[in-house]
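Novice:
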Amino acid sequence: MPELPEVETILTALKPVTIGQRIVRTEVLRQSMVQEPLKIKRLVKNIRVLDLRRHGKYLFINLENNLTLVLHLRMSGRLAVRKISDAEFRHERLRLVLQKNLVLVFNDPRTLGRIFLAPTDSLASHPRLKLLGPDALTVSQRKFIDRLKARKGVLKAVLLNQSFVAGIGNIYADETCFRTRLDPRRKVQTLSKPEREKLHRAAIATLKKGIRNRGTSISDFLGLHGKPGINQNSLSVYGRKGRPCRSCGTILKSTKIQQRTTVWCPECQR
DNA sequence: ACATCGTCCTGCGCGC
DNA sequence: TGCGCGCAGGACGATG
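Start counting the first sequence at 10; every next residue gets the next number (my numbering).
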């Protein structure tokens, strides 16, 4: 589920709850989602949260002792904060017990989410992170275009590739393509310079709109405090196959690109 | 470097 | 109302 705007929305809500607080202990409820669960339980205990960060769809909980807890929500992961005495959520997989009787809970019905611990000073060289491209929200036009030059293949696939830029998933890839009026099936090597520049601006504008709307809540996503986003109400193409284009009225088409449903306007997008 | 496929899981909505 | 099926916003690894 969560792409960059959803992770950013969670991050914003999570900061005031966690920064400066102590993690009293860690409870691992689903071992398969956690790398080295015993090590995490041993080390993420009575330890202070220094800072929270995000890169692409990854969330980093920067702790004392040169440790960073890395979370990826994948398709169905959610973070929530509750009181210890509150009822459990249905699919709790990891619990970070905080001070003040609060618990930060990683819920994930499909258990595809991933959690691991890495040294803060060498995060960038961690095998799971070292191939990530620059964060899609802040990448400069220069860097974006340089990196695009090195790519082949169809536009949508490149946007989804986290080693190109990090943070764009299926929804925001389709929405970015529509905003640029580019056909998601276009080979990136056929894009003109103005089209490449437009693509960079459109990707950032699409992500920023998602953040302003506190994320897209199609089926899974809720903010930290259980509040849905509103971006789903103003999507141009994602999830609108067979419905009229908001711009020209043409019926939107759908295909699979990299096994991901892709929706676009055959009239507006070329 | 790229494309395709299978895999990890559970829940939901749809058609019958 | 119940059942089976296909689909789901992600990423990785194997294979070609």
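We put the CB at the ideal spot given by N, CA and C, even for glycine. The structure presented is a predicted model; accordingly, all values stated were derived computationally and were not measured.
1. Roughly how many angstroms lie between the CA atoms of HIS64 and GLN171, to the nearest whole one?
2. Which residue or residues does DSSP assign as beta-bridge partners of ARG63?
3. What are the start and end residues of the alpha helix (DSSP H) that includes GLU15?
4. Determine, using beta carbons only, whether ARG255 and SER263 come nearer to each other than 7 angstroms.
5. Report yes if the C-beta distance between GLN278 and LEU191 is below 7 angstroms; otherwise report no.
6. Answer yes or no: do PHE115 and LEU132 have a C-beta to C-beta separation smaller than 7 angstroms?
7. Mapping the DSSP letters down to three states, classify PRO253 as helix, strand or coil.
8. What first and last residue would you give for the alpha helix (DSSP H) that runs through PHE187?
9. How many Å lie between GLN268 and LYS165 at the Cα?
10. Inspect the beta-carbon positions of ARG160 and VAL106 and report whether they are closer than 7 angstroms.
11. Give me the Cα-Cα distance between LEU76 and LEU52, rounded to the nearest whole angstrom.
12. Who are the near neighbours of ASP130 in its chain, counting only those whose CB is closer than 8 angstroms to its CB and skipping five residues on each side?
13. For the putative contact between LEU3 and THR185, defined by C-beta atoms under 8 angstroms, what is the C-beta separation to the nearest angstrom?
14. Buried or exposed for LEU216, going by 16 or more other Cβ atoms inside 10 Å?
15. Using 8 angstroms as the Cβ pair cut-off and three pairs as the minimum, do the segment 233-243 and the segment 80-90 touch?
16. Curious, which full-length beta strand (DSSP E) runs of at least 3 residues does the segment 38-107 contain?
17. Is the number of C-beta pairs between the segment 54-68 and the segment 24-44 that are closer than 8 angstroms three or more?
18. Among residues of its own chain, excluding the 5 on either side of ARG252, which ones have a beta-carbon nearer than 8 angstroms to its beta-carbon?
19. Could you tell me the alpha carbon to alpha carbon distance between ALA4 and ASP117, rounded to whole angstroms?
20. What's the gap between the Cα of ASP183 and the Cα of ARG123?
21. For GLU276, name the three-state secondary structure that DSSP assigns.
22. Under DSSP, the alpha helix (DSSP H) around PHE153 begins and ends at which residues?
23. Tell me whether LEU208, by its Cβ, gets closer than 6 angstroms to a heavy atom of the ligand NAD.
24. Who pairs with ALA175 in a beta bridge, going by DSSP?
25. Are LEU80 and LEU68 close, meaning C-beta to C-beta below 7 angstroms?
26. Can you tell me the Cβ-Cβ gap for PRO14 and ILE220, rounded? I've got them flagged as a contact below 8 angstroms.
27. Check the C-beta distance from LEU121 over to SER94 and give it rounded, since I have them as a contact under 8 angstroms.
28. In this structure, does DSSP put SER226 in helix, strand or coil?
Specialist: In brief:
1. 11 angstroms
2. LEU68
3. 13-27
4. no
5. yes
6. no
7. strand
8. 179-189
9. 11 angstroms
10. no
11. 9 angstroms
12. ASN75
13. Because residue 3 is not part of the residues shown, which for the chain are 10 to 279, the question remains open.
14. buried
15. yes
16. 56-64, 67-72, 76-81, 87-92 and 101-107
17. yes
18. ILE260 and LEU261
19. Since the first residue of the chain shown is 10 and the last is 279, residue 4 is not available in this structure.
20. 25 angstroms
21. coil
22. 150-158
23. As for the ligand NAD, it is missing from this structure, which has no ligand bound.
24. ASP144
25. yes
26. 5 angstroms
27. Not really, about 29 angstroms apart at Cβ, beyond 8 angstroms.
28. coil
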